[in-house]
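These notes concern the structure reproduced below.
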Amino acid sequence: MNKIKVLVVDDSALIRNLMSKIINSQRDMETVATAPDPFIARDQIKKFNPDVITLDIEMPKMDGIEFLEKIMRLRPTPVLMVSTLTERGTDVTFRALELGAVDFVTKPKLDISQGMIDYANEITDKIRAAYAARFRLNRLPPKPAAQAPAAQTDPVTGMVVPAEVAKPAPTNNALGNRFAATEKLVLIGSSTGGTEAIRVILEQLPKDSPAILITQHMPAGFTKSFADRLNQVCNITVKEAVHGERVLPGHAYIAPGDKHLLLGRSGANYICQLSDSEPVNRHRPSVEVLFKSGQEVSPRNIVGIMLTGMGKDGAQAMADMKKAGSYNICQDEASSVVFGMPREAIALGAADEVVPLNLIAKRLLDYLSKIGGRSAVRI
1 MNKIKVLVVD
11 DSALIRNLMS
21 KIINSQRDME
31 TVATAPDPFI
41 ARDQIKKFNP
51 DVITLDIEMP
61 KMDGIEFLEK
71 IMRLRPTPVL
81 MVSTLTERGT
91 DVTFRALELG
101 AVDFVTKPKL
111 DISQGMIDYA
121 NEITDKIRAA
131 YAARFRLNRL
141 PPKPAAQAPA
151 AQTDPVTGMV
161 VPAEVAKPAP
171 TNNALGNRFA
181 ATEKLVLIGS
191 STGGTEAIRV
201 ILEQLPKDSP
211 AILITQHMPA
221 GFTKSFADRL
231 NQVCNITVKE
241 AVHGERVLPG
251 HAYIAPGDKH
261 LLLGRSGANY
271 ICQLSDSEPV
281 NRHRPSVEVL
291 FKSGQEVSPR
301 NIVGIMLTGM
311 GKDGAQAMAD
321 MKKAGSYNIC
331 QDEASSVVFG
341 MPREAIALGA
351 ADEVVPLNLI
361 AKRLLDYLSK
371 IGGRSAVRI
């Protein structure tokens with residue numbers, strides 16, 4: 001079996017050593033080289049042609065973001081960012097994901113040696129996910145030139161985006177407020193590659209969209225920043241979910257890191273419920289938990305959406321939700337960074353539609369428009 005070749009780039013000798021030990025302890029991967037800065041890393045990339053690069057954000061001579069931009073432009077390679085959990089660290093980490101990094105892991109603040117060992121499973125799982133995404137990088141179509149008339153500039157990344165995935169002009173009452181008084185809900189689950197996939201979908205939704213609950217695999221400390229960034233570029237209101245708050249149309253609620261998000265009911269109202277219960281499928285928050293709550297509370301009023309991600313979290317609950325009456329959309333393989341969670345859901349018969357990422361928002365709105373308002377709700 002060919003091992004996954006990993007290049008570790010970090011200015012800390014301790015981190016390089018710990019990362020190498022973690023990687024080399026796995027049967028399916030190996031550290032082919034380490035580098036203390038991007039200039040040495042550049043030579044190591046040429047020499048060893050790694051399958052995956054782990055990249056620190058704050059380094060001397062050239063920071064990780066600038067180096068990531070060069071990698072993605074000159075030699076696209078799956079990159080796993082190694083981030084520090086600070087306000088600046090979270091902001092820069094999301095910038096890295098926007099530029100094409102597959103995922104990130106956080107450095108522990110205290111007892112770095114033991115902390116990194118505790119993260120070993122997460123680190124190696126994310127390296128495998130990055131490796132699974134490697135061919136997708138080479139299949140992405142080239143970005144059009146800035147002068148292309150059919151393209152727009154993405155407000156978050158500043159990159160030129162093809163017209164079919166560019167953010168539409170702001171819309172007012174695009175659905176005629178027809179869902180403001182109905183019980184329609186959208187539940188979204190995602191993991192590796194999901195932060196950008198969620199952005200693509202939410203940016204295209206009008207202000208009067210049904211309420212949306214989202215579970216994205218993400219550690220504590222990052223989800224509020226993620227929600228705030230989305231709120232700046234979306235027509236709907238995006239926020240980190242709060243326990244007991246009412247779920248409202250025109251709003252999207254992000255599961256806080258390290259807490260499960262569930263759909264609940266209080267009288268006639270939907271509410272967000274948060275739980276500290278044990279991880280499910282090794283995740284907290286877990287998509288399985290969110291979708292299972294949807295199945296139990298109001299499946300016939302729900303559209304479930306499964307996006308890119310490694311593993312099978314949420315697949316069985318999505319299938320159960322469909323049997324109970326939900327309508328489900330799965331992201332297709334070609335547009336997924338890692339076609340794990342959607343593939344597992346599709347294999348279980350959970351999908352009513354399998355759709356490219358750039359068309360999911362349109363298909364969602366088409367479906368909601370087709371079924372109409374309260375009179376179309378199945379009971």
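Numbering (full-length UniProt numbering), first residue to last: 1 to 379. For every residue, glycine included, the Cβ atom is placed at its ideal position computed from N, Cα and C. Bear in mind the structure is a predicted one, so any value in this text is a computation, not a measurement.
Close beta carbons around residue i, own chain, < 6 Å, minus the five adjacent residues each side
i	result
I201	I360, A361
F48	V32, A33
M321	F291, G294, Q295, P299, G304
A133	P78, V102, V337, V338
R265	V297
L307	S190, G194, A197, Q331
P108	G115
I23	V6, M29, T31
A120	I22
residue 457	One cannot answer for residue 457 here, as it falls past the ends of the chain, which runs 1 to 379.
Rounded separation between residue i and residue j - CA only
i	j	result
A33	L7	5 Å
A129	L74	22 Å
G194	I271	24 Å
P38	I45	10 Å
L55	N269	45 Å
D208	I236	7 Å
F226	F94	7 Å
E240	A255	6 Å
R42	L68	11 Å
D315	D11	What sits at residue 315 in the sequence shown is Ala, not Asp. Rounded to the nearest angstrom, the two C-alpha atoms are 39 Å apart.
R284	H217	7 Å
K61	Y367	51 Å
Pair within 9 Å by beta-carbon distance, residue i and residue j
i	j	result
P206	L365	yes
I329	A351	yes
D313	V287	yes
G257	A220	yes
I57	G89	yes
I53	V92	no
F104	M81	yes
Cβ-Cβ separation, residue j to residue i (assumed contact under 8 Å), whole Å
i	j	result
L213	L274	The Cβ separation is near 11 Å, so there is no contact.
Where residue i sits in the DSSP three-state scheme
i	result
S335	coil
D125	helix
Y131	helix
G267	coil
I53	strand
S190	strand
D11	coil
R247	It should be pointed out that residue 247 corresponds to Val in this sequence rather than to Arg. Note: V247 maps to coil in three-state DSSP.
F104	strand
Sequence-distant residues of the same chain with beta carbon closer than 7 Å to residue i, five excluded per side
i	result
S277	H260
8 Å CB neighbourhood of residue i in its chain, flanking five on each side removed
i	result
P50	K5, V6, L7, V32, A33, Q44, T77
V247	L185, A211, L213, Y253, L263, N269, Y270, I271, C272
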